[in-house]
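Student:
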Amino acid sequence: MKRRDTLSLILGAALATWLAAPGAAWATAGRWFSPIRRNRLRPPGAVAEAQFLARCIRCGRCLEVCPYHAIVMLDIRHALHAGTPLIAVENIPCYLCMKCVAVCPTGSLRPIGQKETRMGLAVIDHYSCLAWRGDTLCRTCYDKCPFANVAIRLEQLRPVIDEGACVGCGLCVNACPITVAEDGGKAINIEPVYAGNAA
Amino acid sequence: MNQSRREFIKKAAALSAASCVGIQLPFVLSNAEAADQGASWHRGSCRLCGVGCRLELGVKNGQPIALRGVPEARTNFGYLCMKGMNFWKCMRHPDRLTKPLYRAKKTDKFQEISWEKAIDIAADKFAEAHKSGGGAAVAYYGSGQALTEETYLFQKIMRGGLQSNNVEGNPRLCMASAVGGYQTSFGADEPIGGYADIEKAHCFFIIGSNTAEAHPVLFRRIMRRKLDNPDTVKVINVDPRISQTSRIADKHLQFKPGTDLTLLNGMAHVICQEKLYDEEFISKYAAFHKGTEKVSLAEYRAQLAAYTPEEVARVCGGGFTPDDVRVVARWFAQSKGTVSLWTMGLNQRKQGVFANNLVHNLHILTGQLLKDGADSLSLTGQPNACGGVREAGGLCHILPGHRPIENDKMRGQVEAAWGLPAGRIPNGGGLHTMAMFQALNEGKIKALWINCTNPAQSLPNLSKYEAGFKREDNFIVCTDIFPTLTTQCANLVLPTAFHFEKTGVYGCTERRSQLTKKAIDAPGQAKPEVWIAREWAKKLAEKLADPLIAQCVKAFDGLEEGYALPKAIWDEYSQKITAGRDSDLRGATYAVLETMADGAQWPAPTEAHAKTGGTVKKFVKGRDPLADAATTNGDSPYQFYTPGHDDHKLWIWLRDQAQPEEIPDAEYPFYLSTGRIVDHWHTMTMTGRIPELLRANPYAYVEINPKDAGRMGIGPGDMIEVKSRRGRNLLPAKVIDGPLEGMVFVYWHDQHPDRLINKVTIDAVDAASKEPEFKICAAQIKRVSGPQALTPYLV
Ligand code: SF4
Chain A
28 MKRRDTLSLI LGAALATWLA APGAAWATAG RWFSPIRRNR LRPPGAVAEA QFLARCIRCG
88 RCLEVCPYHA IVMLDIRHAL HAGTPLIAVE NIPCYLCMKC VAVCPTGSLR PIGQKETRMG
148 LAVIDHYSCL AWRGDTLCRT CYDKCPFANV AIRLEQLRPV IDEGACVGCG LCVNACPITV
208 AEDGGKAINI EPVYAGNAA
Chain B
1069 MNQSRREFIK KAAALSAASC VGIQLPFVLS NAEAADQGAS WHRGSCRLCG VGCRLELGVK
1129 NGQPIALRGV PEARTNFGYL CMKGMNFWKC MRHPDRLTKP LYRAKKTDKF QEISWEKAID
1189 IAADKFAEAH KSGGGAAVAY YGSGQALTEE TYLFQKIMRG GLQSNNVEGN PRLCMASAVG
1249 GYQTSFGADE PIGGYADIEK AHCFFIIGSN TAEAHPVLFR RIMRRKLDNP DTVKVINVDP
1309 RISQTSRIAD KHLQFKPGTD LTLLNGMAHV ICQEKLYDEE FISKYAAFHK GTEKVSLAEY
1369 RAQLAAYTPE EVARVCGGGF TPDDVRVVAR WFAQSKGTVS LWTMGLNQRK QGVFANNLVH
1429 NLHILTGQLL KDGADSLSLT GQPNACGGVR EAGGLCHILP GHRPIENDKM RGQVEAAWGL
1489 PAGRIPNGGG LHTMAMFQAL NEGKIKALWI NCTNPAQSLP NLSKYEAGFK REDNFIVCTD
1549 IFPTLTTQCA NLVLPTAFHF EKTGVYGCTE RRSQLTKKAI DAPGQAKPEV WIAREWAKKL
1609 AEKLADPLIA QCVKAFDGLE EGYALPKAIW DEYSQKITAG RDSDLRGATY AVLETMADGA
1669 QWPAPTEAHA KTGGTVKKFV KGRDPLADAA TTNGDSPYQF YTPGHDDHKL WIWLRDQAQP
1729 EEIPDAEYPF YLSTGRIVDH WHTMTMTGRI PELLRANPYA YVEINPKDAG RMGIGPGDMI
1789 EVKSRRGRNL LPAKVIDGPL EGMVFVYWHD QHPDRLINKV TIDAVDAASK EPEFKICAAQ
1849 IKRVSGPQAL TPYLV
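Here the protein sequences come in this chain order: A and B.
Following this note's numbering, the numbering of the first sequence begins with 28 at its first residue and continues without gaps.
Following this note's numbering, the numbering of the second sequence begins with 1069 at its first residue and continues without gaps.
1. Given that Leu1295(B) touches chain A, what residues does it touch there, using C-beta distances under 9 Å?
2. Within 10 angstroms of its Cβ, does Tyr154(A) collect 16 or more other Cβ (buried), or is it exposed?
3. Here's a check: name, in chain order, each residue in its chain whose Cβ is nearer than 7 Å to the Cβ of Ala48(A), leaving out the five neighbours to either side.
4. Quick one, are the C-beta atoms of Val1206(B) and Asn1234(B) less than 8 Å apart?
5. Given a threshold of 16 other Cβ atoms within 10 Å of its Cβ, counted over all protein chains shown, does Ile215(A) qualify as buried or as exposed?
6. Keeping to the same chain, check which residues put their C-beta closer than 8 Å to that of Gly1202(B); ignore five residues upstream and five downstream.
7. Am I right that Gln1819(B) and Tyr1769(B) are in contact with their C-beta atoms under 8 Å? What's the rounded C-beta distance?
8. Arg104(A): buried (16+ other C-beta within 10 angstroms of its C-beta) or exposed?
9. Start and end of the beta strand (DSSP E) containing Gly1137(B)?
10. What did DSSP end up calling Arg1479(B) once you bin it into helix, strand or coil?
11. Please confirm whether Asp152(A) has its beta-carbon closer than 8 Å to some beta-carbon of chain B.
12. If you measure from the beta carbon of Cys1546(B) to each beta carbon in chain A, is any gap under 8 Å?
13. Quick one: which chain B residues come within Cβ less than 7 Å of Ala202(A)?
14. Using the Cα positions of Ile217(A) and Glu1839(B), report the straight-line distance between them to the nearest angstrom.
15. Using CA coordinates, which residue listed in Ala1214(B), Ala1401(B), Cys1546(B), Cys1620(B) is at the minimum distance from Val1338(B)?
16. Below 8 Å between beta carbons: does that hold for Glu1236(B) and Met1504(B)?
17. Does the beta carbon of Thr1859(B) come closer than 8 Å to any beta carbon on chain A?
18. Assuming Gly72(A) and Ile139(A) make a contact with CB atoms under 8 Å, what is their CB distance in whole Å?
19. May I have the straight-line CA-CA distance separating Gly1441(B) from Gly1262(B), to the nearest angstrom?
20. Taking DSSP as the reference, what is the three-state secondary structure of Asp1786(B)?
21. Going along the region 1143-1164 of chain B in order, which residues come within less than 8 Å of chain A, judged by CB to CB distance?
22. Assess, as a yes-or-no matter, whether the region 189-208 of chain A is touched by the region 144-159 of chain A under the definition of 3 or more beta carbon pairs within less than 8 Å.
23. Using the Cα positions of Asp189(A) and Leu198(A), report the straight-line distance between them to the nearest angstrom.
24. Determine the direct distance from the alpha carbon of Phe1222(B) to that of Trp1183(B), and round the result to whole angstroms.
25. Taking the alpha-carbon positions, what's the Leu164(A) to Gly1359(B) distance?
26. Which residue comes first and which comes last in the beta strand (DSSP E) that contains Phe1254(B)?
27. For Ala1857(B), tell me which candidate among Leu68(A), Cys168(A), Ile98(A), Gly134(A) has the shortest Cα-Cα distance.
28. What residues from chain B crowd round Thr167(A), counting only those whose CB sits closer than 8 Å?
29. Taking the DSSP output, what are the residues bridged to Asp1029(B)?
30. Kindly indicate which three-state DSSP category Asp1176(B) falls into: helix, strand or coil?
31. As a quick exercise: from Ala1507(B), Ser1526(B), Leu1553(B), pick the residue whose alpha carbon is nearest that of Gly1536(B).
32. Determine the closest residue to Gln1450(B) out of Ser1642(B), Cys1242(B), Lys1343(B), with distance taken between C-alpha atoms.
33. Please tell me whether, using a cut-off of 7 Å, the distance from the CB of Asn1144(B) to the nearest non-hydrogen atom of the ligand SF4 is below it.
34. Does the region 1518-1528 of chain B come close enough to the region 1546-1557 of chain B to have 3 or more Cβ pairs within less than 8 Å?
35. Could you pull out every residue in the same chain whose Cβ sits closer than 7 Å to the Cβ of Cys86(A), ignoring the five residues on either side in sequence?
36. Could you check whether the Cβ of Pro1855(B) sits closer than 8 Å to any Cβ belonging to chain A?
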């Protein structure tokens, strides 16, 4: 377990105990962990998740400037994370207009370009992807990718992700016709693999 | 009805819940096998594009639950695209029209009425119009998506009953130039070969077609062929826009829109210059023509002399080198088999027929025809444009069975088959599509029947024709399954049965007729078109006191509409009308088609021949039974037995470069072209109601070359005004290395008034085919604002 996980666990447990009054059934322990998980991503340029909470001042400017309403603000149920920005890519993905990174006053979202964006990495579930199953000629993700032939290629008619080029915008997830999980998970999903790295 | 995304998703959820009764699995698509438990599977054709994929509809408790491909079918070998896989989801959509709707004035609200009343009103209004202006005052505008039985019956009632040749259909907007091309070059409509050539081809020449998106399953076959033989199979893509199709191309030549005539002549020039033509083939089977004269090979070569590769590269805009022209010409001529494929890029042009001729020229010159792996194969857009409209008399100038209307003998044959007195069918006088809607504008057409198509979205220069749709002094009937922009202009809307809710035949690109049998009941009171047409004709006969109108449907009276009625219509058409014609379908009876995984390619004069799949190569002895019986070309292996060319030869045409109607200028500096996206069918009345497909492409956008975007300060997603001399659109930008610099491209499926690109397109038509030039006009573009969140829009 990494240090930040330990920390947030302790912190979370403490807060949970503190707040877990009867009737506050929503305050499940999960609410105290980072909301970042599969298809739940920070906007482009976000600093590592461990620092995000401390840096972001919940000003909401990124969300105001997002023309697609892709960025939502986490509500009070997310306790410590309330007020921070999140993109649920299967609802509305990031169209990489890069407006949010330009307005963030704290550098929580660093001013980067489209190609350097690393919101996460697209991962294809070969068991449910129609093209991989050979059921039908689907190449929706490939068609939707803003870096088609670079981030997603078709090999023998099947989509393949280039880890070095995928920015994790989630356009593919949003468009994927196959829903395989209760939480809206698709046959292609964005895993926030970089949330722990960049400084 | 403008629905927000949320409403849409709610509706869609309700829909899938309703259509999955009895199934626990929410993920039907990826679990077709699981859905199989207890489902019955019904074989038919795909409802959507012209590929003609065969599939099976899974039905459980009377409800559709899934679609799957038929592995034995020679059209698709079991593969389906996303549209084909998913169209069952719109079958029980809550927006389905289920009751006849009527309003006296187009500004009134629709009232639900009974079928009896509806048929009476339709008959009354057509009778009234007919009394006032005869055959010229009534019109039928049909569809390449109607079943053959439907088109045939409607045109029979119009021509034989109402004595009107105002019989048209949307194939005028898509296939008419291909028909003109085949007739003038080969003397007979429709391709000589078919899909089977793909697996034997060594060179593909794809021009003016984004096969990857418009014919996905066929593209898979081409791609497979290329991937399996990367070194020995060449793919040439010729298009002003880099598309998904270009991705497998060994060479992609981008040219200035409209200059492809020069390029094709340039290829012919190289073929002549380097003596790559097939001398023996030409001397035996080809003739050279210029206008109305016959010319010699030498004269042809002299005329081509101006089209040097250097000149071609210059005229086409410098997107490729002179050597590229030489290389593609050599590949084309020297491969063991070359298949050309094209669609709207050549057809939807003011020079559409000429462009078609120039492709055929290359095949005739090089003898890349009539042998396996070689064909000049025009792809059809719609599932039944070939079968229903081209073959069964769905355009004003052709009677069923490939019969020209102006030929007395031909009209006589049809009149006799229908039991009508000689002279009953008028000699011509029918208006082609654009003239028909112009006549509507001018108040000359008083009653119009629009079946299974959406001209209020699909006509070019839309705003001009809105006037006609809105006139209160005409009467418009629409037969359809969903509300469309066109039903919004109707007085009477009649709900029809959808695919698999009725029985009938579709004929796809490769002359193959395939049967789809009724598998489920239509929702509410929706009825098959053949029933509607028959009842209407009976009432018309009463109102006009004309027993000859009743004669048109007498043989079909009382028959059950789900199967017996269409079968009787098909029997009449195939046995009486196609007998003795090149499109002979006498062997393709329902009984035979029902046993087949796919269907039969005509000529199929006998059941035994039809059962084998019919004729793979027309005109070839040993393969085409009509060629076996023919002696038009002596004892040679090829018999061009059709009467189109009196010398029974293939004609090479001298066609010089000619310009599109509109060329960009200082005021309107961009070329505008339009086209389709893989997930949406035409005006998205069906695919827009399938959540998976809508989600992938919720609205149209304009593709702009990065160089133009950079110059004009346009970023991805910015809202762009696209304006021509005729109208304007407001669309989000997609900056992509697709269209050539100086050209923009817009998808035409979107129904939103701001994104109806046909308000911007031009209605100039080809002089011969009368097909409009959707593909080229001049436009200006302007950045209006930054990105905006848009919602999908369906009427
Ligand atoms: S390629 Fe055409 S016919 Fe085949 S499944 Fe797709 S839409 Fe249907």
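The beta carbon of each residue, even a glycine, is placed where N, CA and C say it ideally should be.
Tutor: Well, looking at it:
1. Against the second sequence, residue 1295(B) aligns to sequence position 227. In chain order: Gln183, Leu184.
2. Along the first sequence, read from residue 1 onward, the residue named residue 154(A) stands at position 127. Exposed: under 16 other Cβ atoms inside 10 Å.
3. Reading the first sequence from its first residue, position 21 is the one you call residue 48(A). Here Ala48(A) scores only 38 on pLDDT, less than 50, and its place in the model should not be relied on; the value that follows carries that caveat. Excluding sequence neighbours, Ala48(A) sits near nothing in its chain.
4. Taking the second sequence and counting its residues from 1, one reaches residue 1206(B) at position 138. Taking the second sequence and counting its residues from 1, one reaches residue 1234(B) at position 166. Yes, the pair counts as a contact, with Cβ atoms nearer than the cut-off.
5. Locating residue 215(A) in the first sequence gives position 188, counting from the first residue. Counting Cβ neighbours within 10 Å, Ile215(A) comes out buried, since at least 16 surround it.
6. Position 134 of the second sequence, counting from 1, holds the residue named residue 1202(B). Excluding positions up to five away in sequence, the list reads Gln1231, Ser1232.
7. Here the question's residue 1819(B) lines up with position 751 in the second sequence. Here the question's residue 1769(B) lines up with position 701 in the second sequence. Not quite, the Cβ-Cβ distance comes to about 15 Å (not below 8 Å), so this is no contact.
8. Mapped onto the first sequence, residue 104(A) falls at position 77. With fewer than 16 Cβ atoms within 10 Å of its Cβ, Arg104(A) is classed as exposed.
9. Within the second sequence, numbered from 1, the residue matching residue 1137(B) stands at position 69. First-last of the beta strand (DSSP E) with Gly1137(B): 1131-1137.
10. In the second sequence, the residue the question calls residue 1479(B) occupies position 411. Three-state result, Arg1479(B): helix.
11. The residue labelled residue 152(A) in the question sits at position 125 within the first sequence. No - not a single Cβ of chain B is within 8 Å of the one on Asp152(A).
12. For this step, residue 1546(B) is matched to residue 478 along the second sequence. No, its Cβ sits nowhere closer than 8 Å to a Cβ of chain A.
13. Locating residue 202(A) in the first sequence gives position 175, counting from the first residue. Correct list: Arg1763, Ala1764.
14. Along the first sequence, one-based indexing puts residue 217(A) at 190. Along the second sequence, one-based indexing puts residue 1839(B) at 771. Looking at the two C-alpha atoms, the distance is approximately 47 Å.
15. Numbered from its first residue, the second sequence carries residue 1338(B) at position 270. When each option's Cα is compared against that of Val1338(B), the closest is Ala1401(B).
16. For the purposes of this step, residue 1236(B) is taken as the residue at position 168 of the second sequence. For the purposes of this step, residue 1504(B) is taken as the residue at position 436 of the second sequence. Cβ distance < 8 Å, so Glu1236(B) and Met1504(B) count as in contact.
17. Mapped onto the second sequence, residue 1859(B) falls at position 791. Chain A contact via Cβ: absent.
18. The residue given as residue 72(A) occupies position 45 in the first sequence. The residue given as residue 139(A) occupies position 112 in the first sequence. Rounded, the Cβ-Cβ distance is 5 Å, consistent with contact.
19. Within the second sequence, the letter at position 373 stands for residue 1441(B). Within the second sequence, the letter at position 194 stands for residue 1262(B). When rounded, the distance between both Cα atoms is 9 Å.
20. What you label residue 1786(B) is simply residue 718 of the second sequence in a count that begins at 1. Of the three classes helix, strand and coil, the one that applies to Asp1786(B) here is strand, per DSSP.
21. Tyr1147, Leu1148, Cys1149, Met1150, Gly1152, Met1153, Asn1154
22. yes
23. For this step, residue 189(A) is matched to residue 162 along the first sequence. For this step, residue 198(A) is matched to residue 171 along the first sequence. One C-alpha to the other measures close to 15 Å.
24. Numbered from 1 along the second sequence, position 115 holds the residue referred to as residue 1183(B). Numbered from 1 along the second sequence, position 154 holds the residue referred to as residue 1222(B). Approximately 18 Å between the Cα atoms of the pair.
25. Walking along the first sequence from the start, residue 164(A) turns up at place 137. Walking along the second sequence from the start, residue 1359(B) turns up at place 291. Their Cα atoms are separated by approximately 45 Å.
26. Here residue 1254(B) refers to the residue found at position 186 when the second sequence is read from its first residue. Careful: Phe1254(B) lies outside any beta strand (DSSP E), inside the alpha helix (DSSP H) at 1244-1254.
27. The residue you call residue 1857(B) lines up with position 789 of the second sequence. Out of Leu68(A), Cys168(A), Ile98(A), Gly134(A), Ile98(A) has the C-alpha closest to the C-alpha of Ala1857(B).
28. As a first step, residue 167(A) is located in the first sequence; it is residue number 140 there, counting from the start. In chain order: Met1150, Asp1747, Ala1764.
29. The requested residue 1029(B) does not occur in the structure, where chain B is confined to residues 1069 to 1863.
30. Translated into positions along the second sequence, residue 1176(B) becomes position 108. Asp1176(B): coil per DSSP, three-state reduction.
31. Position 468 of the second sequence, counting from 1, holds the residue named residue 1536(B). Nearest of Ala1507(B), Ser1526(B), Leu1553(B) to Gly1536(B), Cα basis: Ala1507(B).
32. Your numbering for residue 1450(B) matches position 382 in the second sequence. Considering only alpha carbons, the answer is Cys1242(B).
33. As a position in the second sequence, residue 1144(B) is number 76, starting the count at 1. Flag set: Cβ of Asn1144(B) near the ligand SF4.
34. yes
35. Your numbering for residue 86(A) matches position 59 in the first sequence. These residues qualify, in order along the chain: Pro132.
36. Walking along the second sequence from the start, residue 1855(B) turns up at place 787. For Pro1855(B), the answer is yes, since a Cβ of chain A falls inside 8 Å of its Cβ.
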